[in-house]
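Participant:
2 protein chains.
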Amino acid sequence: MRAIGIYKQASVDQADSFKEEQVDKPKAEGNDVLVQVKAVSVNPVDTKQRKLKEDDGKFRILGFDAAGIIEEVGEDVQGFQPGDEVYYAGSVARQGSNSEFQLVDHKVIAKKPASLSFAEAAALPLTALTAWEAMFEKMHIPLDADANKDKTILLINAAGGVGSIASQFAQLYGLNVVGTASREETTTWAKQHGTERVINHHEALHPQLERLGIDSVDYVFCMHQLDKAWDDIIEVVKPEGVICAITGPVEDIKLTDMTSKSLTLVWEYMFTRTLHQTDSRYKQGEILAKLAELVDEGRVRTTKSEELEGLTVENLQEAHKRLEEGSMIGKLVITV
Amino acid sequence: MRAIGIYKQASVDQADSFKEEQVDKPKAEGNDVLVQVKAVSVNPVDTKQRKLKEDDGKFRILGFDAAGIIEEVGEDVQGFQPGDEVYYAGSVARQGSNSEFQLVDHKVIAKKPASLSFAEAAALPLTALTAWEAMFEKMHIPLDADANKDKTILLINAAGGVGSIASQFAQLYGLNVVGTASREETTTWAKQHGTERVINHHEALHPQLERLGIDSVDYVFCMHQLDKAWDDIIEVVKPEGVICAITGPVEDIKLTDMTSKSLTLVWEYMFTRTLHQTDSRYKQGEILAKLAELVDEGRVRTTKSEELEGLTVENLQEAHKRLEEGSMIGKLVITV
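Respectively, the protein sequence lines represent chains A and B. Every number in our numbering is 712 more than the matching position in the first sequence, counting from 1. Every number in our numbering is 712 more than the matching position in the second sequence, counting from 1.
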């Protein structure tokens, strides 16, 4: 089968940063299903994994967000059969989705939303799992709009991949949503995806919140440069508030800031469950199944912002370049 | 009325570190009750507040743990009347308990356990509120022994004031409890107060846990020198685990350690609610009422380890000295 991967770390501009190879088509055993990949999307984890690649001569296939059709199931698989259309993020500990076929643990997959194309579905898994785990498991936000109606969440970088699905979940479950963006197009995108009120993360946040009649917020979900946002976060978060981060840098974070207000700092990394093979990883399948319902009911929409046709070296280079520029809005998808 | 307090920072050995004064007996108004103090206990917050005292000529009364009899109620007080025997921690933003009478917000008090003396009751509020808020609110441990039966909590400094009540709560609500102590008397005390298995915090924790058949723990409640314990904590905590701290130092904590396992770091400071006058402060009254029930049912016992008779300068100096030596077991109480 055809796959695109890397042999070593390389700047994305180098001609040989990605290679196309013919590799053996794997066989589904145990808990795995073999999926014919129809669409993949890209995430910051792809560029991070590219930069972490050891120069060990091994061919590493990236890509950790996909939708496709099950070709074959392992002997321990329950609830799925060949022909099922599924979507998933998978595991960074295994070969990724930039390939014609991919093995994935059936516990972390779900049937894709019937109302979405493969490309629209591939935009969702990694970011939706991140947002859901962060908000409803780790931050303990109740899945109950009534309980949340007097609570406010601040989304830092509301127009990014995670931001544009987190904001939809926040709105759906009754929170008051304020998000940050800085450009006209990101502001518009954020408003279209559940962020009622947008403020600018290049200016001090507290005065902007005050102008909206908000003195402080219950939850802060920081999806971009925690260290730059930290002082603003500490200023605006309520006593006993909860801060969730999915990305550093963390070196300059002053934990003493957390003490007087009894704050909670939550770290969310979607691949923790597959990386450490926790028993709880089946929850990722459940979250994706719930998300498919919400999408098919018209209550959550895809965050796909752009589509490139064809799983090629050029398209992957282009996608990684956009990620590294840091100006991504929503999700970029590549169809296979 | 008679009160003992400080005018300025002073080493506890200085003869004038505490002064006894006659001050006006205050009057209960609004949400306050006036309590005739019968017993107080001491906590690390007393020595911290002593060291923070500004040299502004004002008389500062310390003491943030007490039991006594209501003398008078403010016009907005509900649920309490003169003659009620109550216990409470109060607020570090107000004058403390080292006094014949004290004003306290009725929202943060409860009727004391009927089965305990004033001295036995005064040992409990601050540490029990800290342990309860930390475990059942901030760490989100369910109040359900069945749900906790496969979960393990590690209590760092299990024989201290907070440790000896946290361990009782942990055992009562079905957690497997492992605690740390280092001396024979603290080990014995910890075992008598709910810590089934005791390991030594002066040795590496993971090998000691392994010898108990425990590879990793779900919760870590660190009640002593977070920075010294941090590397051990990171090694033994499960992916998606929760760490709660009530004391630093935090300067050397490496937050990068939290990322791969998606850990949560919770800060608990019992005075956050009264200091910031949060709406949630009424929960402290509810927790103390629940605790009184548990004590009167014989399911939780006082953590009083020692009693000094008489609220005198000498006894307060002695108590502060013991706190600063860091060798306290359970709680030291002074009767008024």
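Quick reminder that beta carbons are idealized off the backbone N, C-alpha and C, glycines included. Computed from a predicted structure; not experimentally measured.
Is the separation between the beta-carbon of residue 753 of chain A and that of residue 1044 of chain A shorter than 8 Å?
Facilitator: The answer is yes: Cβ separation under 8 Å.
Participant: Check whether the Cβ of residue 729 of chain B lies closer than 8 Å to any Cβ atom in chain A.
Facilitator: Residue 729 of chain B does not count as touching chain A.
Participant: Decide yes or no for the touch test of the segment 840-859 of chain A against the segment 905-925 of chain A: beta carbon pairs closer than 8 Å, at least 3 of them.
Facilitator: Segments in contact, no.
Participant: How about residue 774 of chain A and residue 717 of chain A: are their beta carbons less than 8 Å apart?
Facilitator: Closer than 8 Å, so yes.
Participant: Does the CB of residue 852 of chain B have a neighbour CB from chain A at under 8 Å?
Facilitator: Answer yes: the Cβ-Cβ gap between residue 852 of chain B and chain A drops below 8 Å somewhere.
Participant: Quick check on this structure: which residue in A:819, A:776, A:965 and A:780 has the alpha carbon closest to the alpha carbon of residue 806 of chain A?
Facilitator: Comparing Cα positions, the closest option is A:776.
Participant: With a 10 Å radius around its C-beta and 16 neighbouring C-beta atoms as the bar for buried, classify residue 906 of chain A as buried or exposed.
Facilitator: Buried, by the Cβ-count rule.
Participant: Just to make sure I have the definition right: I need the residues of chain A whose C-beta is within less than 7 Å of the C-beta of residue 971 of chain B. Which are they?
Facilitator: Result: 979 and 981.
Participant: Could you name the residues of chain A that residue 962 of chain B contacts, counting a contact when the two beta carbons are closer than 9 Å?
Facilitator: Result: 966, 967, 968, 970 and 971.
Participant: Just reading off the alpha helix (DSSP H) that residue 994 of chain A is part of, what are its end residues?
Facilitator: Note, residue 994 of chain A: alpha helix (DSSP H), 994-1008.
Participant: Identify the continuous alpha helix (DSSP H) that holds residue 904 of chain B and give its terminal residues.
Facilitator: Residues 896-904.
Participant: Does the CB of residue 992 of chain B have a neighbour CB from chain A at under 8 Å?
Facilitator: Interface residue, yes.
Participant: Identify, in the order they occur along the chain, each residue of the same chain with its Cβ nearer than 7 Å to the Cβ of residue 965 of chain B, setting aside the five sequence neighbours on each side.
Facilitator: Counting only Cβ-Cβ distances below 7 Å, and skipping sequence neighbours, we find 938, 939 and 942.
Participant: Whole angstroms are fine: how far does the CA of residue 762 of chain B sit from the CA of residue 1029 of chain B?
Facilitator: Cα to Cα, the separation comes out at about 11 Å.
Participant: If you compare alpha carbons, which of B:849, B:790, B:808 and B:851 is closest to residue 822 of chain B?
Facilitator: The shortest C-alpha separation from residue 822 of chain B is found at B:790.
Participant: In this structure, does DSSP put residue 924 of chain A in helix, strand or coil?
Facilitator: Three-state DSSP puts residue 924 of chain A in coil, outside helix and strand.
Participant: Could you tell me which chain B residues have their CB closer than 8 Å to the CB of residue 976 of chain A, listed as they occur along the chain?
Facilitator: Per Cβ cutoff of 8 Å: 850, 976, 977, 978 and 979.
Participant: From residue 724 of chain A to residue 1033 of chain A, what distance separates their C-alpha atoms?
Facilitator: Each residue's alpha carbon lies about 6 Å from the other.
Participant: Where are the beta strand (DSSP E) runs, 3 residues long or more, that stay fully inside the segment 842-874 of chain B, in chain order?
Facilitator: Here the runs fully enclosed are 864-868.
Participant: Give me, in chain order, the residues of the same chain whose beta-carbon lies closer than 7 Å to that of residue 825 of chain A; leave out the 5 immediate sequence neighbours on both sides.
Facilitator: Answer for residue 825 of chain A: 833, 1004, 1007 and 1008, listed in chain order.
Participant: Fully enclosed by the segment 772-848 of chain A, which beta strand (DSSP E) runs are 3 residues long or longer?
Facilitator: As far as the segment 772-848 of chain A is concerned, its whole beta strand (DSSP E) runs of at least 3 residues are 778-785, 797-800, 813-817 and 821-823.
Participant: If contacts are defined as beta-carbon pairs under 8 Å, then residue 782 of chain B and residue 792 of chain B qualify, I think. What distance do you get, rounded to the angstrom?
Facilitator: 6 Å between Cβ atoms; contact.
Participant: Mind checking whether residue 962 of chain A and residue 967 of chain B have CB atoms under 8 Å apart?
Facilitator: Contact: yes.
Participant: Rank A:935, A:750 and A:785 by C-alpha distance to the C-alpha of residue 743 of chain A and give the top, closest one.
Facilitator: It is A:785.
Participant: Would you list, in sequence order, the uninterrupted alpha helix (DSSP H) runs of no fewer than 4 residues that lie entirely inside the segment 926-972 of chain B?
Facilitator: As far as the segment 926-972 of chain B is concerned, its whole alpha helix (DSSP H) runs of at least 4 residues are 938-948.
Participant: Sort A:978, A:955, A:816 and A:728 by Cα distance to residue 670 of chain A and report the nearest one.
Facilitator: Because chain A is modelled from 713 through 1048, residue 670 of chain A falls outside the range shown and cannot be assessed.
Participant: What does residue 974 of chain A pair with, by DSSP beta-bridge criteria?
Facilitator: BP columns for residue 974 of chain A are empty, so no partner.
Participant: Return the bridge partner residues of residue 1020 of chain A from the DSSP annotation.
Facilitator: Paired residues: A:1046.
Participant: Please confirm whether residue 764 of chain A has its beta-carbon closer than 8 Å to some beta-carbon of chain B.
Facilitator: It does not: the Cβ of residue 764 of chain A has no partner Cβ on chain B nearer than 8 Å.
Participant: What are the boundary residues of the beta strand (DSSP E) that includes residue 1025 of chain B?
Facilitator: Careful: residue 1025 of chain B lies outside any beta strand (DSSP E), inside the alpha helix (DSSP H) at 1025-1037.
Participant: In the structure shown, what three-state DSSP assignment does residue 748 of chain A receive?
Facilitator: DSSP places residue 748 of chain A in strand when its eight states are reduced to three.
Participant: Mapping the DSSP letters down to three states, classify residue 762 of chain A as helix, strand or coil.
Facilitator: Helix at residue 762 of chain A.
Participant: Tell me which same chain residues have a C-beta within less than 7 Å of the C-beta of residue 737 of chain A, skipping the five on either side of it?
Facilitator: If we look at residue 737 of chain A and ignore the five residues flanking it on each side, its Cβ neighbours are 713 and 813.
Participant: Going by DSSP, what residues sit across from residue 732 of chain A in a beta bridge?
Facilitator: Note: residue 732 of chain A sits in a beta bridge opposite A:716.
Participant: For a test of the three-state rule: what should DSSP assign to residue 910 of chain B, helix, strand or coil?
Facilitator: Three-state DSSP puts residue 910 of chain B in a strand.
Participant: Taking contact to mean at least 3 C-beta pairs separated by less than 8 Å, is the segment 1007-1022 of chain B in contact with the segment 979-994 of chain B?
Facilitator: Contact between the segment 1007-1022 of chain B and the segment 979-994 of chain B is absent, because fewer than three Cβ pairs lie under 8 Å.
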